[in-house]
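A.B. asks: If you number the sequence shown the way the UniProt record's numbering does, the last residue is 140 and the count never jumps.
Take this structure first; my questions come after.
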Amino acid sequence: TSKRFKKCAEHSNSPIKFRATAIIYFKRFYLQWSVMEHHPKHIMLTCVYASCKVEENHVSAEELGKGIQQDHQIILNNEMIVLKSLDFDLIVYAPYRSIEGFIDDMDDFCNGAHQRLKVIHSFHPFAILFKNKLIKCLLF
């Protein structure tokens, strides 16, 4: 499932925070529904589409569907079902923003101590990798 999310998100040219939002939508959706009622592939596409809209990186349903060789009507037909299942609560606090905020706070805290700033900035890629693994765990 994680690989399919990545493939969908790559076709929408979306950064990792869009994928995280889509994964959280997907998880929230299936807390209320069964995979026997709604096909996960269709819901996954719809969640990617909704996350791009919410995170202000709008990609048309046609463009997303064409990028992964799927009918865009699947996305549009499931959009209201997904939104209703989420109770229209589309705000997601992805972990990536907190990492960036922490790095910025540490920049201010170090107050120009160049060597300490280098060390703090070297942690950023590792923190992102850790958060990526954490987000993938949400799918299982």
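Heads up, the beta-carbon is just placed ideally off N, CA and C, and yes, glycines get one too.
Computed from a predicted structure; not experimentally measured.
Look at the alpha carbon of M80 and the alpha carbon of F18, and state the distance between them as a whole number of angstroms.
C.D. replies: If you take the alpha carbons of M80 and F18, they lie about 19 Å apart.
A.B. asks: Three-state secondary structure (DSSP) at V54?
C.D. replies: It is helical.
A.B. asks: Does the Cβ of M44 have 16 or more other Cβ atoms within 10 Å, making it buried, or fewer, making it exposed?
C.D. replies: Label assigned to M44: buried.
A.B. asks: Whose C-beta lies closer than 8 Å to the C-beta of S85 among residues of the same chain, with five residues either side of it excluded?
C.D. replies: Correct list, in chain order: R28, F29, Q32 and W33.
A.B. asks: Look up S34 in the DSSP assignment and say whether it is helix, strand or coil.
C.D. replies: DSSP places S34 in coil when its eight states are reduced to three.
A.B. asks: Could you spell out the range, first to last residue, of the alpha helix (DSSP H) harbouring L90?
C.D. replies: L90 -> no alpha helix (DSSP H), and no H or E assigned at all.
A.B. asks: Given a cut-off of 9 Å on the beta-carbon distance, is the pair L90 and I75 in contact?
C.D. replies: Cβ atoms of L90 and I75: not closer than 9 Å.
A.B. asks: So Q70 is in the alpha helix (DSSP H); what residue range does that whole segment cover?
C.D. replies: Careful: Q70 lies outside any alpha helix (DSSP H) and carries neither H nor E.
A.B. asks: Run the CB neighbour count on Y25, radius 10 Å, all protein chains shown included, and call it buried at 16 or more, exposed below.
C.D. replies: When all chains shown are included, Y25 counts as buried.
A.B. asks: By a C-beta neighbour count over all protein chains shown, 10 Å radius and 16 as the cutoff for buried, is S51 buried or exposed?
C.D. replies: Result: buried.
A.B. asks: Please say whether T21 and E62 have beta carbons closer to each other than 9 Å?
C.D. replies: Their beta carbons are not under 9 Å apart, which means E62 does not touch T21 by this criterion.
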